Amino acid sequence: MLKQTKLLFFIFSIFLINIFAEEQMYGTNPNLPTIVIITTGGTIAEKTDPKTNASIPAKGTDFVKSVPKLLDIANVKVIEFANIDSSQMTPQIWSKLSKTVDNALKDRKIMGAIITHGTDTMAEGSYFLDLTLKTDKPVVFTGAMRNASSPFSDGPFNLLNAVYQVISKDAKNFGVTVTLNSYINSSRDVVKKNTTNPQTFTSGEKGYLGYIFEGNVYRINDRLYIQKFPIPKKLPKIYIFQDFAGAGPEIIRYMADIGADAIVIESLGAGNVNAAVFEGIEYALKKGIIIINTSVVAHGFVFPIYGDKGGGETLKKAGVIFSRFLRADKARLLAMLAIPYVNGDLSKLQEVFDLP
Ligand code: ASP
Numbered sequence: 285m286l287k288q289t290k291l292l293f294f295i296f297s298i299f300l301i302n303i304f305a306e307e308q309m310y311g312t313n314p315n316l317p318t319i320v321i322i323t324t325g326g327t328i329a330e331k332t333d334p335k336t337n338a339s340i341p342a343k344g345t346d347f348v349k350s351v352p353k354l355l356d357i358a359n360v361k362v363i364e365f366a367n368i369d370s371s372q373m374t375p376q377i378w379s380k381l382s383k384t385v386d387n388a389l390k391d392r393k394i395m396g397a398i399i400t401h402g403t404d405t406m407a408e409g410s411y412f413l414d415l416t417l418k419t420d421k422p423v424v425f426t427g428a429m430r431n432a433s434s435p436f437s438d439g440p441f442n443l444l445n446a447v448y449q450v451i452s453k454d455a456k457n458f459g460v461t462v463t464l465n466s467y468i469n470s471s472r473d474v475v476k477k478n479t480t481n482p483q484t485f486t487s488g489e490k491g492y493l494g495y496i497f498e499g500n501v502y503r504i505n506d507r508l509y510i511q512k513f514p515i516p517k518k519l520p521k522i523y524i525f526q527d528f529a530g531a532g533p534e535i536i537r538y539m540a541d542i543g544a545d546a547i548v549i550e551s552l553g554a555g556n557v558n559a560a561v562f563e564g565i566e567y568a569l570k571k572g573i574i575i576i577n578t579s580v581v582a583h584g585f586v587f588p589i590y591g592d593k594g595g596g597e598t599l600k601k602a603g604v605i606f607s608r609f610l611r612a613d614k615a616r617l618l619a620m621l622a623i624p625y626v627n628g629d630l631s632k633l634q635e636v637f638d639l640p
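Counted the way my numbering counts, the sequence shown spans residues 285 to 640.
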């Protein structure tokens, strides 16, 4: 019975995602490059409902038509993949999106892809695709902080810039980027920093990859580290625990008891937890659960420095993996792909997480 319910749910979720998979071609100028825009939803695809004043999904392709200049610079194929708020995204949906992008880019005429996506989980989604895409064509995530009904809507501007980036010769080998408000961010380093302001995405101490102005891409940095993994049949179950002053071991124990394959710990400072949390970690480690240590602090590396109970050095000795640079949300995604890949070899797993 349980199996049947699971199967039905699986078929239903495939249907939910596929239901939107419409394709449409805009522009057929043989002298222009062709790109693909894959829409997934988010504020860029929303309008304000005059009755409720709430932001609601508009037709996915409407905003493409709202940028007429777009067809002066490229022919555009639009694939409507989904139309959801990005808070509803999951690694399973991103797995499917990744395959859709690779498939679309097999077409030799298509120079690159733009993925329109809600900004709330764009940093995660873009990184998941960065880790899993096989293509080496440019792939740009963009979105908007103000919907299409706003007089200050930023969607059309962002979309146009994303097209300029995809067709530019100055924006090669960036991996998957998050491009909003003229700034090009590496999906690996990008963080959403403001809840409502259009200048929300930054790359912290790593710096932006580039800046787009009046159709030109100004390259600022090169993308140094790109890792690739196959998408496993089943993604491991990974939870995140955030340490805080006075935290106890019970939540980590609970995560261990409900079948976590791994737990990412957002520890304090350079990678330390308090003694009670350390007891929870020891409990999980004894059950064979992989523990990955990162930090609540926004910038800097995580190092094993302190030798007290729960200090970084103690965690290291206990067998905890250190996510040197990636913070919890992205460390979790990397672990989802890397754990099946290393197949039990924890020193290999540590190497995956050693990258700056
Ligand atoms: N809640 C929206 C989303 O992430 C926010 C946005 O797109 O800016 O889908």
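Idealized CB from N, CA, C, for every residue including glycine. All values derive from a computational prediction rather than experimental measurement.
In this structure, the C-beta of D369 approaches the ligand ASP to less than 7 Å from one of its heavy atoms. Within the stretch 592 to 640, no run of beta strand (DSSP E) reaches 3 residues while sitting entirely inside it. The beta carbon of Y625 is closer than 6 Å to those of F513 in its chain, skipping five residues each way along the sequence. In the three-state reduction of the DSSP assignment, T416 falls in the helix class. The stretch 512 to 548 contains, as complete beta strand (DSSP E) runs of 3+ residues, the segments 522 to 526 (chain order).
Between I549 and I522, the C-beta gap is not smaller than 8 Å, which leaves the two residues out of contact.
Taking a C-beta distance under 8 Å as the contact criterion, Q483 and N465 qualify as a contact pair.
Taking the Cα positions, N505 is about 28 Å away from G553. Taking 8 Å as the cut-off, the beta carbon of N627 is found no closer than this to the beta carbon of L599. Cα atoms of L633 and K353: separation of roughly 47 Å, rounded to the nearest angstrom. Beta-bridge annotation (DSSP): Q308 is paired with V362. Going by beta carbons, G488 and S471 fall outside the 8 Å limit. Using a cutoff of 7 Å, the CB of D629 does not count as near the ligand ASP, since none of the ligand's heavy atoms is closer than that.
Cβ contact annotation for F609 (same chain, cutoff 8 Å, sequence separation greater than five): F585, V586, L639, P640, in chain order. Collapsing the DSSP output to three states places P422 in coil. Apart from the 5 residues on each side of it in sequence, G603 sits with its Cβ closer than 8 Å to the Cβ of L569, I575, L630 in its chain, given in chain order.
Sequence-distant partners of D545 (beyond 5 residues in either direction) whose C-beta falls short of 8 Å from its own C-beta, in its chain, are P520, K521, I522, I573, I574, I623. Cβ contact annotation for V320 (same chain, cutoff 6 Å, sequence separation greater than five): K361, A388, I394, A397, in chain order.
Going by C-alpha positions, G427 is about 5 Å away from I328. If you check the CB distance, N359 and T312 come in under 8 Å.
When Cβ pairs closer than 8 Å are counted between the two stretches, the stretch 371 to 380 is seen to touch the stretch 402 to 413, the count reaching three or more. Counting only the Cα atoms, K614 lies some 16 Å from I515. No heavy atom of the ligand ASP is found nearer than 7 Å to the CB of G439.
Per DSSP, the unbroken beta strand (DSSP E) holding A397 starts and ends at 394 to 400. By the neighbour-count criterion, in which a residue is buried when 16 or more other Cβ atoms sit within 10 angstroms of its Cβ, M373 is buried. Within 7 Å of the C-beta of G396 there is not a single heavy atom belonging to the ligand ASP. Here N431 is buried. Its C-beta has 16 or more other C-beta atoms within 10 Å. DSSP places F585 in the coil class of the three-state scheme, outside both helix and strand. With fewer than 16 neighbouring CB atoms inside 10 Å of its own CB, E498 falls in the exposed class. According to the DSSP secondary-structure assignment, T486 is paired through a beta bridge with V475. Counting only residues of its own chain and dropping the five nearest sequence neighbours on each side, K421 has a CB closer than 6 Å to the CB of L389, G396. Look at A428: its beta carbon is less than 7 Å from one of the heavy atoms in the ligand ASP. At a Cβ-Cβ threshold of 8 Å, A455 and G494 count as neighbours.
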